[in-house]
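Report on one structure; see the data block that follows.
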Amino acid sequence: MTAGSAVRSADDPQGRPRGVGAELISHTGHALRACLNAILGYAQILELDRAHPLAPVQKERVDQIQASGWQLLRLIDDALELARIGAGQLTVSMEPVALAPLLRNSLAQLDEPAVSSRVGLDAASHDAIVWADPARLRQVVVKLLLGALKCDRHGGSVLVGLSRSAEGGTMIRIRGDGLALAPGQLEKMFLPLDHPAAKDGPAEGVQLGLVLAQKLVELMGGQLQVHRDPTSGSELRILLRGHAPGGGPSSAADA
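In my numbering, the protein residues as written are 2 to 256.
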């Protein structure tokens with residue numbers, strides 16, 4: 002092996018210097034975001050133009066443009082965040098977080114009635130306090146809820162609850178009664194997007210959000226798991242460290 006090839010393999014198995022891919026994604030993502038914001042802006046102008054109101058059929062088409070545009074914008078944002086994580090540029094601000102109000106706030110962000118009506122919060126869930134970044138944790142919960150709903154093709158409900166983990170921390174459990182995943186899909190849910198088997202993973206548009214959610218949970222010192230029950234659907238579990246009175250993560254959860 003030559004010195005040059007040794008350097009390339011240390012950077013990337015395919016010979017790309019580390020960080021080049023993330024930089025390219027970042028530049029491309031910001032350019033796409035600027036174009037998409039212009040498209041969404043013009044769509045909103047058409048929708049709000051009282052001097053030239055849209056016919057019903059035109060309004061329906063503009064609504065479709067906006068819905069697709071916002072979905073694409075979320076995908077671009079996810080890609081940009083993954084690029085930042087890959088480049089080591091994304092940090093988390095850890096603090097004690099009360100989960101009950103955070104979960105209620107996360108559910109409130111599902112502002113579409115057709116979506117929010119399918120999600121419930123287990124009233125029996127205890128009000129645990131964990132060590133996390135509240136904004137990032139809320140982002141993770143919303144992404145997992147939307148992913149669970151999108152993977153459920155039968156219009157079933159999703160229940161969010163809390164329980165203690167065996168390690169002494171807390172689990173956020175997102176269970177979908179119609180979230181039926183084939184055994185082979187479980188291993189593919191959190192594969193890197195450039196992995197050959199990733200294309201056989203969850204529903205279109207979900208994989209990117211799941212990979213980002215996993216990376217964010219890991220940055221907070223937690224774990225993201227999926228548990229499959231052949232009779233009652235599947236469950237996504239966010240394992241988080243408990244909060245100790247001294248101000249940091251509890252030692253039991255770190256053991």
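Beta carbons: idealized from backbone N, C-alpha and C, even for Gly. If you're wondering where the values come from, they're calculated on a predicted model, not measured in any experiment.
Here ARG34 carries a helix assignment [DSSP, helix/strand/coil]. Note that the segment 129-142 touches the segment 157-176; at least 3 beta-carbon pairs, one per stretch, sit closer than 8 Å.
Counting only the Cα atoms, ASP78 lies some 16 Å from ALA39. Going by DSSP, VAL63 is part of the alpha helix (DSSP H) stretching over 57-87.
Separation of GLY157 and ALA52 (C-alpha to C-alpha, rounded to the nearest whole angstrom) is 42 Å. ALA84 has its alpha-carbon roughly 7 Å from the corresponding atom of GLU24. Taken in chain order, the whole alpha helix (DSSP H) runs of length 4 or more contained in the segment 131-159 are 135-152.
In this model, GLY222 and GLN65 are separated by some 39 Å (Cα to Cα). Assignment of GLU96 by DSSP, reduced to helix, strand and coil, places it in the strand class. In the three-state scheme derived from DSSP, where H, G and I count as helix and E and B as strand, HIS244 is classed as strand.
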